[in-house]
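Residue numbers (our numbering), protein chains in the order written: chain S, 310 to 635; chain F, 310 to 635.
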């Protein structure tokens, strides 16, 4: 054995008393007689032989690495999704290369370019970059963002979720609805939440208004809008659907500071459904995204690379969480 | 150019009209005349040449990958720490290989073994595994867990944080204190929170009790203990320090369900100081860990590989958050 250095395949072959090719077959998972396999495995274990996956990466053109491109882990939805994606990838024998973009388009582009350079096997991206500079040679699966028919996009059933929220508020007695949403610079599947919501309002003949803000901006325009619609301590609207739990919670706090009671005076539904880490409760009544299933689906679609539909939407469900009268 | 395949260094050399060695120098950041550098860069850009970092990994024995071993991203402290570590590593030109252990010792061991196999440059680990099977050839920096004098450990100043919590509760008028903590299977730096707390109580002559639970178990024993110390609607203790914000919030909810008011009847301080994503407020009065600084320090210590002290503690501060009368 070459002294001072890590043992090589040659060392293992010598120790096991087999040909180098036999060691290679065992390491690369190719068919080989059971007795040979055992000899090689015992020798590898004895010498502390570690597979040099960089050499393997060169040879088989597989790195068993997938990049996870995420805006931030401060948002519990992104954190749980990353957690689930990383665990799903590990279960399939793949490692996760985490790339935090911090909502910065330039960082997103750099991520995609880095990804190509480092010969990862694929990318799972939640990105709002107008043009992340997709690399043809690297398969990509996106979450909530539809790039092209060649790039599968996984999302929760946003349209159905929006319908569900409107139907629930109407069935709980609301007569004058409001929809608050934040929109990203580029079109994202998330916008379907508002479309589904509006469809039900129209079908049911229930009055509604909508207000959109640019994602990342402060919520102050929401508060100003609400203030303009409070007369004698009463809000003109009795049901509010927000396109994230975060907006719902922040709007709730604002209304409560104005003496308006939730859910007695106004009922509210958010979207995401992450159970709060501190209280172990939902932070509001909400439409729950099936995070574990979204993650597992994204991983399977990426790794199988079979012909996938360009959009895969997964079912959501409603969960009461204290901001509705149910 | 070899048709159908990605361009190689040879293709770049031919296109630029320079020697292969010159291309190699440019790619590996070695000194070369400015005119040559420009020729090579233009040719690389024209051909869409991507550095094959696996070949580079083999040659320079550097992969520019660091494994982040984390229990879970569902805990906002772990999520923010991972976020900060990944961004710090990226700023230093390193990528993060995320490994979620889900508090499972076997998964932790597998992570360390995988790490060695895949020739990463280092590991930053927050691990509670009794024996993760450390690999001598891979430098490791730990968070909150001291392995040996050879492995630098980064933590917040847990001892000072515990002292700060006791001093604050005492200065706010508390006369009968309680300390609730969860302990991991192995000793962790986190236990110093209780030691600092107790030191101040003893020095100041203030009565205190402590109750430890095994980490991961339910908090029911805390609730049972509290129930036993409520007489005629009054809790025997008037100040509680919890070794995490999560326990503080859960204990607060329990006490409120028993009609005890926080902070009027009982004042509480937690530990961690993550600002709540939904409300943008601290979840309780708390000792704040300097996450960004802990992450940057961990990365610097790992990458510099200079002689580091085996323990590096970073200063904490107190932040009022509604569960104390300040």
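In this text, a Cβ means the ideal position worked out from N, Cα and C, and glycines have one as well. Since the model is a prediction, treat every value here as computed from it, not as a measurement.
Here the alpha carbon of residue 563 of chain F sits roughly 18 angstroms from the alpha carbon of residue 525 of chain F. Residue 632 of chain F and residue 589 of chain F have their C-alpha atoms roughly 16 angstroms apart.
By the Cβ rule, the region 578-597 of chain F counts as touching the region 550-564 of chain F, because three or more pairs are nearer than 8 angstroms. By the C-beta criterion, the region 505-513 of chain S is judged not to be in contact with the region 324-341 of chain F, since fewer than 3 inter-stretch pairs fall below 8 angstroms. Excluding its 5 nearest sequence neighbours in each direction, residue 627 of chain F has C-beta neighbours in its own chain below 8 angstroms: 473, 474, 477, 578, 594, 595, 596 and 597, listed in chain order.
When the five nearest sequence neighbours on each side are left out, the beta carbons in the same chain lying within less than 6 angstroms of the beta carbon of residue 600 of chain F are those of 389, 390 and 393, in order along the chain.
A distance below 8 angstroms separates the beta carbons of residue 501 of chain F and residue 471 of chain F. Below the 8 angstroms Cβ cutoff, chain F contributes 382 and 383 as neighbours of residue 389 of chain S, in chain order. According to the DSSP secondary-structure assignment, residue 374 of chain F is paired through a beta bridge with F/404.
Distance from the Cα of residue 374 of chain F is smallest, within the candidate group F/403, F/457 and F/534, for F/403. Listed along chain F is no residue with a C-beta nearer than 9 angstroms to that of residue 430 of chain S; the closest approach is about 12 angstroms. The way I'd put it, the region 428-437 of chain S does touch the region 484-500 of chain S; three or more beta-carbon pairs between them come closer than 8 angstroms. For residue 562 of chain F, the chain S residues whose C-beta falls within less than 7 angstroms of its own C-beta are 588, listed in chain order. In chain order, 587 make up the part of chain S whose C-beta sits under 7 angstroms from the C-beta of residue 554 of chain F. Look at residue 316 of chain F here: in three-state DSSP terms it is coil, with no helix or strand label. For the pair residue 450 of chain S and residue 429 of chain S, the CB atoms are not nearer than the 8 angstroms cut-off. Rounded to whole angstroms, residue 371 of chain F and residue 348 of chain F show a C-alpha spacing of 27 angstroms. By the CB criterion at 8 angstroms, residue 489 of chain F and residue 543 of chain F fall outside the cutoff. In the DSSP assignment, residue 606 of chain S falls within the unbroken alpha helix (DSSP H) covering 600-613.
Under a 10 Å Cβ-count criterion, residue 407 of chain S is classified as buried, with 16 or more other Cβ atoms of the shown protein chains found around its own Cβ. Taken in chain order, the complete beta strand (DSSP E) segments of 3 residues or longer contained in the region 483-530 of chain F are 485-492 and 516-523. Put simply, the CB of residue 409 of chain F is near chain S, with a gap under 8 angstroms to one of its CB atoms. Within 10 angstroms of the beta-carbon of residue 487 of chain S lie 16 or more other beta-carbons, which makes it buried. In the three-state DSSP reduction, residue 587 of chain S falls in the coil class, being neither helix nor strand. The way I'd put it, the region 348-357 of chain F does touch the region 316-325 of chain F; three or more beta-carbon pairs between them come closer than 8 angstroms.
For the pair residue 468 of chain F and residue 504 of chain F, the CB atoms are nearer than the 8 angstroms cut-off. Its Cα nearest to that of residue 634 of chain F, the residue F/574 stands out among F/574, F/621, F/319 and F/380. Scanning chain S for C-beta atoms nearer than 7 angstroms to the C-beta of residue 533 of chain F yields nothing, as the closest lies near 18 angstroms away. A residue is called buried when at least 16 other Cβ atoms come within 10 angstroms of its Cβ; residue 329 of chain S does not meet this threshold and is exposed. Residues of chain S whose Cβ lies closer than 8 angstroms to the Cβ of residue 450 of chain F do not exist; the shortest such Cβ separation is about 17 angstroms.
Taking C-beta atoms as the reference points, residue 410 of chain S and residue 385 of chain S fail to come closer than 8 angstroms. The Cβ atoms of residue 607 of chain S and residue 463 of chain S lie closer than 8 angstroms to each other. In the DSSP assignment, residue 581 of chain S falls within the beta strand (DSSP E) that extends over 576-581. In this structure, residue 395 of chain F keeps its C-beta atom at 8 angstroms or more from the C-beta atom of residue 623 of chain F. Secondary structure remark: continuous beta strand (DSSP E) runs of at least 3 residues inside the region 415-458 of chain F, in chain order: 431-434 and 449-452. For residue 396 of chain F, a Cβ of chain S is located within less than 8 angstroms of the residue's own Cβ.
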